[in-house]
Structure formats: C-alpha cells, structure tokens
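Chains A and B supply the protein sequences, listed in that same order. Per this note's numbering: the first sequence = residues 303 to 699. Per this note's numbering: the second sequence = residues 1194 to 1363.
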Amino acid sequence: MSAARRIAFVCPRFAEHGTVGGAETLLRQMAERAAAAGRQVVFLTTCATDHFSWANAVPPGARRLTDNFEVRFFPVDPRRDISAFLRAQNLIDRGAAYSTDDEQVWLRNSVNSSALYSYLREEGREYDRIVMGPYLFGLTYFAARLHPDRTMLVPCLHDENFARVRAFGEMFRSVRGIIFNSAPERDLARRLYGVPAERTWVVGMGLDPFDADPERFRRRHGLTMPYLLYAGRREAGKGVPLLLDYLDLYRKLNQGDLRLVLLGGGSVPLPPDLAPAVVDAGFVSEEDKQSAMAGAAVFCQPSTNESFSIVLLEAWLAGAPALVHAACAVTTHHCRRSGGGLWFMTYAEFEAELRLLLEHADLRRRLGAAGRAYVQREYRWPVILARFLEALDHSGE
Amino acid sequence: MTLPNQPAEQVADDWSASIGAGDEDVARIVAEIRANVARKMEAGAYRDLRIAQAERHNLRNLRDDEQFLRFYLECLHEAAAVDINDFEIRERRRWGGRLLVAVKKSLWHLLKFYTYRLWSQQNQVNGLLVTALESVDEKYRRRIAALEQRLAALESGSGEGESACPRPGA
C-alpha cells in the first residue's frame, strides 16, 4: 500500500512537562519524528496532566506546533464513579475472580473522553493510521474500537494482572497492527492474547547520543563519594521500596559511604537509617539528569514492569553500568544483548553485584561503554523512525 | 558483607578474580554470582532476619523459587523467638546516670511483669506457626517428589509400550 500520509496519535496525556510517563514520551517523540519526516500528524489527547486525578488542567482546543503537527486537547468525562473504579481495580490487581461486567466498570470509570471519541468517530476515516497507547486505559480501549482497521496499538505492555483483563485480549486481536518496544514485550502479548506474528512489529524509541559532564551534578550536590542512581517515578510499581530496603541493608552490612541519588517525582517513605544517605534531587533539567547519570557509580532499575525502560538506555548513553531486576524480561534482555548491566533476583545477588561493581572501576567502565555502544547501534533515531514508518506503511499487507 | 559467620571479603573475592579484560560476558558474571550465592546460602551465610525482611517487596517475584522458600523458612525459624530475657541497661550521661539506670531498671521490671505472659504466648504462637509451615513445606516437597518419580516411571513405561499402541493411519 501507499505510505500513511495522515496519522493520528491518541494518548491520555500529552508529554509537555517532565512529569509524564515513558509511554507518553514515546508517543510524542514518534509523532514529532513522523511529522519531521513529512507526514501530517494530529495528536489527540485529554486536558488532563495528572494520572491520579485526571482533572482537566489544560484548556480544550487545538494547538499547532509545526506546519504539519497539531495537538488537540479534549476534556476528560467528568462523571467517574471513583469507588466503583477502585473496587474493580482492586479485584483485577489482586488477581481475584472478576466478571466481564467488572472489567467494563473499571474501563468505563477509567480516564475517558466522549468528546475525543466523537471526533474520532466522525473524522477517523480521514487518517490513514491511528496510533494509540498505552494499553491500560479506558481511553485507549474505547478509541481502539472505533476504527480497528486503521488502528496501530503501541501497548507498552507489562506482565501484570491488568494485562489479563479479557477486554484487552479482544482489543489486541482486533486492531490492524501492534507496535512493541522490545521482543520480550511482543512475546508476552503473543503468549497472553495469541496475536499473530504478522501483525506485530518491534520498534522501540530512538535516543540522541549526548556527552555529559560527570562532575557538574556532583559539584552541585557536594557528592565526593560514589552513588547509586535511580531516575523515574517513585512508586511501589516501579520497585522503589525494594531498592530502598536493599540499599538500607547494604549500607548496614558493608563498609564505605555509598549514597543514593533519586531523580523524579513521587513519594515513597525512606527507611530512617537510609534517609541521611539519600540525595533527593527531584525533577531536574535534562542536562543535570545526564550529568547525574554520567557521575553515577551504578544506575539501578529495580522495576519489574517495563516494556522498554527509556531511562536505562539514557543511563547507558551517559556511560553508567546498570543493575536491573531479573524478574523484568525487558531490562534483562537489554542487559544480555548489550553487556551493559547485571541482573539480580534476591538481596544476596544485589549485594554481590553491587560490591563487584563498586570494587572494580574498570569493569564499571567497560559495562558502561558496552551499554552506550548498544544504544548507539540499536536505538539511533534514523533506524527507529524507519522501522516505525515501515510498520505504519506496510501493516496489513 | 559482614555477617557474623562470613568474612566480608569472601563473598565477592573468591570468584571475582575471573573477571577479565575485554568484552564482558554479563551472563557468565551473573551465573557465577548466583552459583556463589547459592553455595553461601547452603552454608548459612545469609541466614539473617534482616535479609528476609529486605525481601518483603520481592516475595511476588520469588514465590516460584523453591530454594528461596526454604531459605525464607530458615530465616523465619531463626527469628521466631522473641527475646524476653533481661538485658544490660546502660546510661551514657554522667550526671544522674546511676539514678536513671535505677529508674529504667525498675521500669523494665514492671514492664516485664506485665508483658512476660504476652511475649511467651507470642513465642509459642510463632514457634507453632513456623513448625506448621515447615511441616507443610516438607510434606508437599515429599509428595511432589513422589509424584515426579511416579510420572517419570509412567513415562518411561509408556515409551517402552509405544509399539503396542496402534499408530493413526498405520
């Protein structure tokens, strides 16, 4: 078929600030690059910026960012039954028995926008492809039902109980194509939903290489000792409490003044003995983030729910060696392929690997360099954009 | 790691000498670390309640790991008994130190009098629970092992008797 000239993107939030998640960043980057490649791009999103309250924070309407890239904001439906939503969510999250009605209650009371659905229902045929994600929200589920023959799903799928919601199986099987961030994510979808291989594409996200000053962040925060870095949302689902417990115990059982630097937002209580060793830098500029990564002895990604882990690849670009949780198929896959990091399943493994890295500066350097080479080889924007456009242009053939 | 029965240097150093120059095979490094950790766990090096506690957010990931469950039960076994014995009461402040120690000792005797029954019952409950858990674990391990043996015997039996079954289309 001919190239997909007009492309709509659908995502619950538009990544304008540093507070959004990886999926939103990924979709915005894809939209911008597709526009820069000459495609007509419209990004359909809600007026919400906070993924807990989903309160409308941005005025509805259209904003043109470039000649061929427009963002349209639609209000979130005001009437959400929060208690019904939480009741259903709790059942699903615990892996308890739940009905298809419970699933529908959960999806209908998730983030939804009737205005966005109306627009898509009326104008959807104007677009050659409608790219949408992540999979977890009512907005994606209901939008995908409007023009499944044109819909390309970017699910950012995790191995979690929500992925077992039957309605999502129906969504994955009905859309034109699915664009995954990594091979383990694709394998998970094929295992869970039986999606045929010919409708799947592994693309990922491109990253621009950078050179960072490792001393800049150290100087600013008075860090003269080695530090382990975590960057991202501080949530239980991201494995942050596990990392805090592990590091607290590591410091008690081992000598040396190892610090923990936290970048990003969210609130997780710190163990009292660990608190004095934590530098909570919060949200920082891109330059500071890159400097913090370049200066880190080790970058740790404790999350087991990753479909890509942009931050891990960024840390590698900065030359930091990585420690990741072995229960995450995606980050472990990156480490195996790159040779840029080690993976742990238990505290004992975490401790042995962290000690090994801290005691062998040369090994740290080599792992960091291997990680950087991997990202530059596999995730250069020209390569990624070509894969993405190929998926859009040739899906369904 | 500075566990009482494990000198710190031994944990990493007895195998990390094999980390060489050039391209790192991270899978090999992780495999060596795992083997080393497994050996040390077997020798009781990580049998520390604090380690079991540090895994509280990791249990979902470890639930299928048979070796870890055994380790966790060992940690529980070590930690089940609450120490209700007397302990040394000290006071760092010089001024009034003796008086403070005397006050604290009297307070402890009072507390001990009222809480002894509670803690000893708690110890009984903890001990019974751990014993029950260990028995259940042992029972199911034995049962699974017996079933696996039986399955293997049946499979080898059916393999031998394959020629006796008519093949489709034959």
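Cβ atoms here follow ideal geometry from the backbone N, Cα and C, with glycine treated the same way.
Distance cut-off 7 Å: residue i Cβ against heavy atoms of the ligand FAD
i	result
Glu487 of chain A	Questions concerning the ligand FAD fall outside what the structure shown contains, since it holds no ligand whatsoever.
Residue-level contact to chain A via CB, residue i, 8 Å cutoff
i	result
Glu1327 of chain B	no
Tyr1265 of chain B	no
Arg1240 of chain B	no
Ser1349 of chain B	no
Ala1220 of chain B	yes
Arg1243 of chain B	yes
Phe1280 of chain B	no
Val1275 of chain B	no
Phe1261 of chain B	yes
Spatially closest choice to residue i from the options, by CA coordinates
i	options	result
Arg1240 of chain B	B:Thr1324, B:Arg1227, B:Glu1267, B:Ile1282	B:Glu1267
Val1330 of chain B	B:Arg1263, B:Ala1231, B:Ala1245, B:Asn1254	The identity of residue 1330 of chain B in the sequence shown is Asp, whereas the question assumes Val. Closest by alpha carbon: B:Arg1263.
Arg468 of chain A	A:Tyr495, A:Leu455, A:Leu459	A:Tyr495
Phe444 of chain A	A:Val312, A:Asp590, A:Arg639	A:Val312
Arg488 of chain A	A:Arg535, A:Ala631, A:Thr327, A:Phe646	A:Ala631
Val497 of chain A	A:Pro457, A:Gly534, A:Tyr532, A:Arg520	A:Pro457
Val563 of chain A	A:Arg341, A:Val581, A:Thr634	A:Val581
Pro528 of chain A	A:Tyr552, A:Asp559, A:Glu517, A:Asp513	A:Asp559
Leu1242 of chain B	B:Glu1271, B:Val1275, B:Lys1233	B:Glu1271
Ala1274 of chain B	B:Tyr1265, B:Arg1253, B:Arg1232, B:Leu1321	B:Leu1321
Trp645 of chain A	A:Ala620, A:Leu614, A:Arg667	A:Leu614
Leu544 of chain A	B:Val1219, B:Ala1247, B:Ala1231	B:Ala1247
Leu455 of chain A	A:Phe464, A:Leu448, A:Thr442, A:Arg521	A:Thr442
Pro450 of chain A	A:Glu462, A:Arg427, A:Ala622, A:Pro623	A:Arg427
Leu346 of chain A	A:Asn370, A:Ala336, A:Arg381, A:Ala310	A:Ala310
Ala1220 of chain B	A:Trp503, A:Leu669, A:Ala306, A:Leu409	A:Leu669
Arg381 of chain A	A:Arg307, A:Ser416, A:Tyr421	A:Ser416
For residue i, the residue or residues it bridges with in DSSP
i	result
Asn358 of chain A	A:Ala350
Gln603 of chain A	A:Val626
Asp582 of chain A	A:Leu564
Gly524 of chain A	According to DSSP, which records beta bridges pairwise, Gly524 of chain A is partnered with nothing at all.
Arg365 of chain A	A:Val373
Thr453 of chain A	A:Ile432
Tyr495 of chain A	The partner list for Tyr495 of chain A (beta bridge, DSSP) is empty, contrary to what the question assumes.
Thr502 of chain A	A:Ile480
Tyr532 of chain A	A:Leu564
Gly643 of chain A	A:Ala624
Ile309 of chain A	A:Val343, A:Arg431
Burial state of residue i, where buried means 16 or more other Cβ atoms lie within 10 Å
i	result
Ala1228 of chain B	exposed
Ala1363 of chain B	Residue placement at Ala1363 of chain B cannot be trusted, given a pLDDT of 33 that sits under 50; what the coordinates show is reported in the next sentence. Per the 10 Å Cβ criterion, exposed.
Glu616 of chain A	buried
Tyr649 of chain A	buried
Asp550 of chain A	buried
Thr368 of chain A	exposed
Met1194 of chain B	Unreliable positioning characterises Met1194 of chain B in this predicted model, as indicated by a pLDDT of 35, which lies under 50. The coordinate reading is nonetheless provided below. With 16 or more Cβ atoms within 10 Å of its Cβ, Met1194 of chain B is classed as buried.
Ser611 of chain A	buried
Ala1214 of chain B	Low local confidence applies: a pLDDT of 38 at Ala1214 of chain B is under 50, so the model's placement there is unreliable, with the coordinate-based value given in what follows. When all chains shown are included, Ala1214 of chain B counts as exposed.
Pro571 of chain A	exposed
Lys1298 of chain B	exposed
Gln331 of chain A	buried
Trp356 of chain A	buried
Glu500 of chain A	exposed
Asp1138 of chain B	Past the boundaries of the shown model lies residue 1138 of chain B; chain B is included only from 1194 to 1363, so the question cannot be answered.
Leu546 of chain A	buried
Val677 of chain A	buried
Contact list for residue i against chain B, beta-carbon separation under 8 Å
i	result
Thr606 of chain A	Asn1254
Met278 of chain A	The first residue shown for chain A is 303 and the last is 699, placing residue 278 of chain A beyond what the model contains.
Leu615 of chain A	In chain order: nothing, as chain B lies at least about 16 Å away.
Beta-carbon neighbours of residue i, restricted to chain B and to distances below 9 Å
i	result
Pro543 of chain A	Arg1249, His1250
Beta-carbon neighbours of residue i, restricted to chain A and to distances below 7 Å
i	result
Tyr1333 of chain B	Here the premise fails: no neighbours, minimum Cβ distance about 21 Å.
Val1296 of chain B	Those within 7 Å of Val1296 of chain B in chain A number zero; the least Cβ separation is about 27 Å.
Arg1227 of chain B	Glu651
Val1223 of chain B	Leu644, Trp645
Chain B contact for residue i (CB, 8 Å cutoff)
i	result
Trp618 of chain A	no
Arg638 of chain A	yes
Gly273 of chain A	There is simply no residue 273 of chain A to check, as chain A begins at 303 and stops at 699 in what is shown.
Ala629 of chain A	yes
Leu551 of chain A	yes
Contacts of residue i in chain B (Cβ-Cβ under 7 Å)
i	result
Glu655 of chain A	Ile1226
Thr633 of chain A	Per Cβ cutoff of 7 Å: no residues; Thr633 of chain A is ~12 Å from chain B at best.
Met548 of chain A	Sequence inspection shows Tyr at residue 548 of chain A; the Met mentioned does not correspond to that position. Within 7 Å Cβ-Cβ: Ala1247.
Contact list for residue i against chain A, beta-carbon separation under 8 Å
i	result
Val1230 of chain B	Thr648, Ala650, Glu651, Ala654
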